[in-house]
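Written out below as structure tokens is the structure these notes cover.
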Amino acid sequence: MKKLVLNYDVCVVGGGIAGISAAFAAVRSKKRTILVEANYMLGGLVTSGLVSIYLPFDDGHGHQISFGICDELFKLSMSKGYEDRYPKAWMNNKDIKSRSKERLEVQFNPQMFSILCEQQLCKENVEILYGCIVRDVVVKNNKVIKLIGSTRTQDVEISASSFVDATGDATICEKTGLPIGKPDKGNVLANWYYSVEKGEYKLNLLGSCDYVYTDKKQYKWFDGIDALELSEKTIDGHEAILKSFLKKGNGTKEYAIATIPTIPEVRMTRRLVGNYAIKSNENDKIFEHSIGLVSYWAKKGINYEIPAEILFNSKIKNLYVAGRCVSVDDDIMWNVLRAIPGCAVTGEASGYLAANFSNNKSIDYKKVQSDLRKRNVKIHLCEIDFN
245 MKKLVLNYDV CVVGGGIAGI SAAFAAVRSK KRTILVEANY MLGGLVTSGL VSIYLPFDDG
305 HGHQISFGIC DELFKLSMSK GYEDRYPKAW MNNKDIKSRS KERLEVQFNP QMFSILCEQQ
365 LCKENVEILY GCIVRDVVVK NNKVIKLIGS TRTQDVEISA SSFVDATGDA TICEKTGLPI
425 GKPDKGNVLA NWYYSVEKGE YKLNLLGSCD YVYTDKKQYK WFDGIDALEL SEKTIDGHEA
485 ILKSFLKKGN GTKEYAIATI PTIPEVRMTR RLVGNYAIKS NENDKIFEHS IGLVSYWAKK
545 GINYEIPAEI LFNSKIKNLY VAGRCVSVDD DIMWNVLRAI PGCAVTGEAS GYLAANFSNN
605 KSIDYKKVQS DLRKRNVKIH LCEIDFN
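First residue of the sequence shown: 245, per my numbering; consecutive thereafter.
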């Protein structure tokens, strides 16, 4: 079959929350944008992996911290209904005292959210290429010229002015030869699944998804990269799901496994070593080139400005990263930014940068911040009313 040859202004690789956010940001800059996804479902870990909790993007004291596309996707995730953790005080415009008693989070239906994201991207004229795995990257004069990939039936060649690596594994960065960082620990066995129990559609949080809550002695750890190891993890996970389900009895019409994850639930694999690596102890630090704000979803009162320099390494001029691929200095900070709010905030910034600056050495940061503010993004912590 004839090779598929494509050319766009911006090519985003990876259709998780980071990639979705980057694609929205790029196309809203009036750039021809393609979103390349290896699977046939958008959302990555939060949909195919069934980790369907939009983690908090407030400070735990009644103040919303992240805005822009992060806020848009949050509302989209429950626009046709929600499963649990509905933030009544936040959605009903209650006062700070009421909001401080609950977090700004929601449990959404993963399949519905994936389709809603797909529909909105198509409505805004983002081209989506499903089932494409990037095999190689062509670099010339310190720029990515094109990606070489394939689907089940076709070879693919994609050229673009700028690229965003939102793969979660820093796949594009690694193929360009940029320096790559790895986690101190890794990933533990986690396989969330849905079951039907007496007519109730239930999310079962089987295993720990976050090493910060896990006793290392209880789990086998995985680096999340090795193919044989990932296969072993998947098989172990399937066994754990079946054992968990059968503890309550055999399957019937009223008691059944409804959905299992179709991708491994790994959190930290590889990340870019960028122009800057943000540290977990830099909460409340003011960054001159901040592109947005995030809070630490697992702890109250810890907020961060996100410097643009964690989104690229200037050795490759037209490549940006988002989500789990961003440059951090420690696993705690990685844990902050790999969750949905961090993916959305960094994704929006990377998509905007890719659309407007095909050379990251010539970024006009004042323009960046001005334009992001027009998109309802809060840039500095002083822009949040903490009163």
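Cβ coordinates follow ideal geometry from the N, Cα and C atoms, glycine included.
- When Leu-294, Asn-251, Ala-267 are compared, the shortest CA-CA separation from Thr-590 is found for Ala-267.
- For Ala-404, the secondary structure class from DSSP, reduced to helix, strand or coil, is strand.
- In the DSSP annotation of this structure, the continuous segment of the beta strand (DSSP E) that includes Cys-255 starts and ends at 248-257.
- Cβ contact annotation for Leu-625 (same chain, cutoff 7 Å, sequence separation greater than five): Asp-528, Leu-537, Asn-547, Glu-549, in chain order.
- The beta carbons of Leu-360 and Ser-310 sit no closer together than 8 Å.
- Annotated as distal: Gly-468 and Gly-425, with beta-carbon spacing of 8 Å or more.
- Just so you know, the alpha carbons of Ser-321 and Asn-386 end up roughly 39 Å apart.
- Residue state for Leu-581 is assigned as helix, using DSSP reduced to three classes.
- Annotation for Glu-444: the continuous beta strand (DSSP E) segment containing it runs 444-448.
- DSSP places Thr-478 inside the alpha helix (DSSP H), whose first and last residues are 471-490.
- For Tyr-437, the three-state secondary structure derived from DSSP is strand.
- Apart from sequence neighbours up to five positions away, the residues of its chain that approach Glu-349 with a beta-carbon distance below 7 Å are Ile-297, Tyr-298, Leu-299, Pro-300, Arg-329, Pro-331, ordered along the chain.
- Contact annotation, Ser-539 with Met-577: C-beta distance approximately 13 Å; criterion of less than 8 Å not satisfied.
- Distances from the CA of Thr-277 to each of Cys-314, Phe-318, Ile-372 were compared; the closest alpha carbon is that of Ile-372.
- Nearest in C-alpha terms to Ile-313, of all of Arg-272, Ser-342, Ile-416, is Arg-272.
- Here the alpha carbons of Leu-294 and Val-565 stand approximately 24 Å from one another.
- Judged by pairs of C-beta atoms under 8 Å, the segment 550-564 touches the segment 407-424, as three or more such pairs exist.
- Spanning the alpha carbons of Asp-615 and Ala-262 requires a straight line of approximately 19 Å.
- Nearest Cα to Glu-362 within the set Phe-352, Gly-260, Ser-439: Gly-260.
- No residue range can be given for Thr-395, since it is assigned to no alpha helix (DSSP H) and is classified by DSSP as neither H nor E.
- Per the C-alpha coordinates, the member of Phe-407, Lys-390, Ser-265 positioned closest to Glu-368 is Ser-265.
- Closest option to Ser-344, judged by alpha-carbon separation, among Lys-544, His-305, His-482, Lys-492: His-305.
- Our two residues, Lys-341 and Asn-631, have alpha carbons roughly 11 Å apart in a direct line.
- In the same chain as Cys-376, and ignoring 5 residues on each side of it, the C-beta atoms closer than 6 Å to its own belong to Val-280, Gly-393, Thr-395, Val-400, in chain order.
- Rounded to the nearest angstrom, the gap between the Cα atoms of Asp-428 and Phe-531 is 26 Å.
- For Ser-323, DSSP records a beta bridge to Gly-325.
- According to the DSSP secondary-structure assignment, Val-565 is paired through a beta bridge with Asp-409.
- Nearest in C-alpha terms to Thr-503, of all of Val-257, Phe-466, Asn-579, His-482, is His-482.
- A Cβ-Cβ distance of about 5 Å is found for the pair Ser-405 and Ser-602, placing them in contact under the 8 Å criterion.
- Secondary structure note for Tyr-609: its alpha helix (DSSP H) is the uninterrupted segment 609-618.
- Under DSSP, the beta-bridge partners assigned to Arg-515 are Gly-425.
- Under the criterion of beta carbons closer than 8 Å, Ser-534 and Ile-623 qualify as touching, at roughly 5 Å.
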